[in-house]
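Participant:
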């Protein structure tokens, strides 16, 4: 039997703008992605120095999650009941190119570890203590139908009770994050978890 | 598409499989090599990806068929899938079947041989390879690509199982591959994670892992094809939420995934006859995994790691090792964990040291990877 599921929060970061539940919460004039990500971090002031060690894909997904979870009470769930289903088109290519450039000198383990797309999920889990299932898919473009099917299965089968899902992609100066928090509890302003409502 | 009665969850069987590795082009050839104790891990000096001597399981030139229209990574997948489709016969290319591809670094070696352009970015992408392979064989559905570090192969099987259980597809062709490149090699070297000799999982003298190349494919189906087809019973995934490149100190999170898989399969630790561990032979991985095995109450069950035969084949590892696990159930044969002489973990586990014949009804496959991810999967007779 399918459980009722709701989108209880959304966050998108693109075109120099951060939106939470459809409303702009931060914007910047800067055109460089590195600077934009740092500016978002400084705006949010999460006090998390590890942020500066991350690659741009992890920074983007991590910041979007910070916004997404603004009013999320993680104590409501067991650590194993929260997970992620993420996708993008370029895998970790942005970091792959930077790492490959660096190996002419001395290869760095702290760069190499980010040459996997699922590290962004690892960073989100470390920050929030989430220990449930993580999955990372590579798709030519955001496949809302597929992502919804995956999340439906995890929530319907009680593998997870809350799931962060969506798209997080970086290559050079091109970037896009759109994340959704899916829960079974209907909260204020929550909308139905549907393909249409995540295909925005 | 609903292919089953509403409310009934179909069982999922492995109806065909292939391992393409330096020790064999088919599963049968691989099993024969394992029986003879042959390892694919060899010492290499002066190869083009590194000036330093390394121990790795690499394909020799001419061992694999190369179609010049495809990359080495894609050729490995094509060869492996071709073999399973030969075994399984026709009927797996239609709208009832989904193709799932698992890899960590796919075509990354193109950075080492090609001029870098925007077109190369697209050509390298995992979804490009997946579509090329789907088109090569004529799979009609959009392929799925999983890239979840070293649990990719196990996760790909789990994803296929779920897509069949949910009634979305009747069959899944699940293939994984990875190639050893200068890129990957330099990264593991930078971690000081590589052993200069054949690796020794769980051993007191272990000094790290070997990298390996390989591909493997399973055909999953809701329709049993042969009497002895093994069932994909259950699986679970967890995250350590601890460190992106170091595993959990306690192993509780992999332990959780194992316990969840046991619960879902409706079996107890006593029912498990064999554990195919990730066993990379790094200090941290093996220590964590032994802890997890204890957490799940499996410390007395026969365990091996196949990394001494194959090296760590990354996105292919979970598939290659699952296939050997499936054949342990079919044939009642468990291979010795190559390189193991004496216990090297705080909480000892029952590592298999000689070719053991015993009936196995249920077997567990585990995997863990960067990003703190863990996977556990139960296969059953």
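Protein chains in written order, with the working numbering: chain A, 770 to 969; chain P, -15 to 365. Just so it is clear, CB atoms sit at the ideal spot from N, CA and C, and this is done for glycine as well.
1) Quick check on this structure: which residue in P:251, P:102, P:95, P:87 has the alpha carbon closest to the alpha carbon of residue 885 of chain A?
2) Select from P:301, P:175, P:299, P:266 the residue whose C-alpha is nearest the C-alpha of residue 880 of chain A.
3) Closest Cβ-Cβ distance between residue 916 of chain A and chain P: below 8 Å?
4) For residue 173 of chain P, go through chain A and note every residue whose CB falls closer than 8 Å to its CB, in chain order.
5) Could you name the residues of the same chain whose beta carbon sits closer than 8 Å to that of residue 825 of chain A, not counting the 5 residues immediately before and after it, in chain order?
6) Could you check whether the Cβ of residue 899 of chain A sits closer than 8 Å to any Cβ belonging to chain P?
7) Relative to chain P, which residues along the segment 829 to 852 of chain A have a C-beta separation below 8 Å, given in chain order?
8) For residue 88 of chain P, would you say it is in contact with chain A, using Cβ-to-Cβ distances shorter than 8 Å as the test?
9) Could you check whether the Cβ of residue 57 of chain P sits closer than 8 Å to any Cβ belonging to chain A?
10) To which residues does DSSP link residue 944 of chain A through a beta bridge?
11) Name the chain P residues that come within less than 7 Å of residue 909 of chain A, Cβ to Cβ?
12) What are the residues of the segment 128 to 139 of chain P that lie near chain A, defined by any Cβ-Cβ distance shorter than 7 Å?
13) If you pair each beta-carbon of the segment 233 to 243 of chain P with each one of the segment 23 to 40 of chain P, do three or more pairs fall below 8 Å?
14) Looking only at its own chain, which residues have a Cβ that is under 6 Å from the Cβ of residue 219 of chain P, when we skip the five neighbours before and after it?
15) Between residue -2 of chain P and chain A, is there a C-beta pair that is closer than 8 Å?
16) Grab the span of the beta strand (DSSP E) containing residue 777 of chain A for me, first residue to last.
17) When the cut-off is 8 Å and only beta carbons count, does residue 225 of chain P lie next to chain A?
18) State whether the segment 257 to 266 of chain P contacts the segment 334 to 350 of chain P, with contact taken as three or more CB pairs (one from each stretch) at a distance under 8 Å.
19) Where residue 26 of chain P and residue 933 of chain A are concerned, what is the direct C-alpha to C-alpha distance, given to the nearest angstrom?
20) Do residue 307 of chain P and residue 159 of chain P have their C-beta atoms closer together than 8 Å?
21) How would you call residue 67 of chain P, buried or exposed, if buried means at least 16 neighbouring beta carbons within 10 angstroms?
22) Among A:829, A:814, A:800, which one has its Cα closest to the Cα of residue 936 of chain A?
23) Taking 8 Å as the CB-CB limit, is residue 951 of chain A close to chain P?
24) Please confirm whether residue 953 of chain A and residue 772 of chain A have their CB atoms less than 8 Å apart.
25) Around the Cβ of residue 47 of chain P, are there at least 16 other Cβ atoms within 10 angstroms (buried) or fewer (exposed)?
26) What residues from chain P crowd round residue 913 of chain A, counting only those whose CB sits closer than 8 Å?
27) Just by C-beta distance, which residues in the segment 925 to 939 of chain A are closer than 8 Å to chain P?
28) Using a Cβ-Cβ cut-off of less than 7 Å, give me the residues of the segment 70 to 99 of chain P that come near chain C, in sequence order.
29) Find the residues of chain A that neighbour residue 146 of chain P, judging by a C-beta separation of less than 7 Å, and give them in chain order.
30) Taking just the CA atoms, how far does residue 967 of chain A sit from residue 911 of chain A?
31) From residue 331 of chain P to residue 263 of chain P, what distance separates their C-alpha atoms?
32) For the alpha helix (DSSP H) that contains residue 146 of chain P, what are its first and last residues?
33) Does residue 214 of chain P come out as helix, strand or coil in the three-state DSSP assignment?
34) List the residues of chain P that residue 858 of chain A touches, going by C-beta distances under 7 Å, in chain order.
35) Got a sec: which bits of the segment 237 to 252 of chain P sit with their beta carbon under 7 Å from any beta carbon on chain A, in order along the chain?
36) Please name the residue, chosen from A:813, A:842, A:776, that lies closest to residue 787 of chain A on a Cα-to-Cα basis.
Facilitator: The answer reads as follows:
1) With distances taken between Cα atoms, residue 885 of chain A lies closest to P:87.
2) The shortest Cα separation from residue 880 of chain A among P:301, P:175, P:299, P:266 belongs to P:175.
3) No, residue 916 of chain A does not count as interfacial toward chain P.
4) Going along chain A in sequence order, the residues near residue 173 of chain P (Cβ under 8 Å) are 876.
5) Hits under 8 Å: 802, 803, 806, 863, 864, 939, 944.
6) Yes, residue 899 of chain A lies at the interface with chain P (some Cβ there is under 8 Å from its Cβ).
7) Taking 8 Å as the Cβ-Cβ cut-off against chain P, the residues of the segment 829 to 852 of chain A that qualify are 848, 849, 852.
8) Using a Cβ-Cβ cut-off of 8 Å, residue 88 of chain P counts as an interface residue toward chain A, since at least one Cβ of chain A sits closer than that to its own.
9) By this cut-off, residue 57 of chain P is not an interface position.
10) DSSP links residue 944 of chain A through a beta bridge to A:939.
11) Residues of chain P passing the Cβ test: 111.
12) Within the segment 128 to 139 of chain P, the qualifying residues are 128, 129, 130, 131, 132, 133, 139.
13) Segments in contact, no.
14) So the qualifying residues of the chain are 142, 245, 361.
15) Not a single CB atom of chain A sits nearer than 8 Å to the CB of residue -2 of chain P.
16) Taken as a continuous stretch (DSSP letters only), the beta strand (DSSP E) holding residue 777 of chain A covers 775 to 783.
17) Taking Cβ atoms only, chain A reaches closer than 8 Å to residue 225 of chain P, which makes this a yes.
18) Yes: at least three Cβ pairs fall under 8 Å.
19) Distance between the alpha carbons of residue 26 of chain P and residue 933 of chain A: 43 Å.
20) Going by C-beta atoms, residue 307 of chain P is not nearer than 8 Å to residue 159 of chain P.
21) So residue 67 of chain P counts as buried.
22) Residue A:829 is the option with its Cα nearest to residue 936 of chain A.
23) Look at residue 951 of chain A: its C-beta is not under 8 Å from any C-beta on chain P.
24) Closer than 8 Å, so yes.
25) Residue 47 of chain P is exposed by the Cβ-count criterion.
26) Within chain P, no residue comes near residue 913 of chain A; the closest Cβ sits about 13 Å away, beyond 8 Å.
27) Going along the segment 925 to 939 of chain A in chain order, one finds 928 with a Cβ nearer than 8 Å to chain P.
28) Among the protein chains in the structure shown, which are A and P, there is no chain C.
29) Within chain A, the residues placing a beta-carbon under 7 Å from that of residue 146 of chain P are 922, ordered along the chain.
30) Going by C-alpha positions, residue 911 of chain A is about 10 Å away from residue 967 of chain A.
31) Pairing residue 331 of chain P with residue 263 of chain P, the inter-Cα distance amounts to about 14 Å.
32) Element bounds for residue 146 of chain P: 136 to 149.
33) Strand, per DSSP.
34) Here the neighbours are 109, 111.
35) Cβ contacts with chain A: 237, 240.
36) Of A:813, A:842, A:776, the smallest CA-CA separation from residue 787 of chain A is found for A:813.
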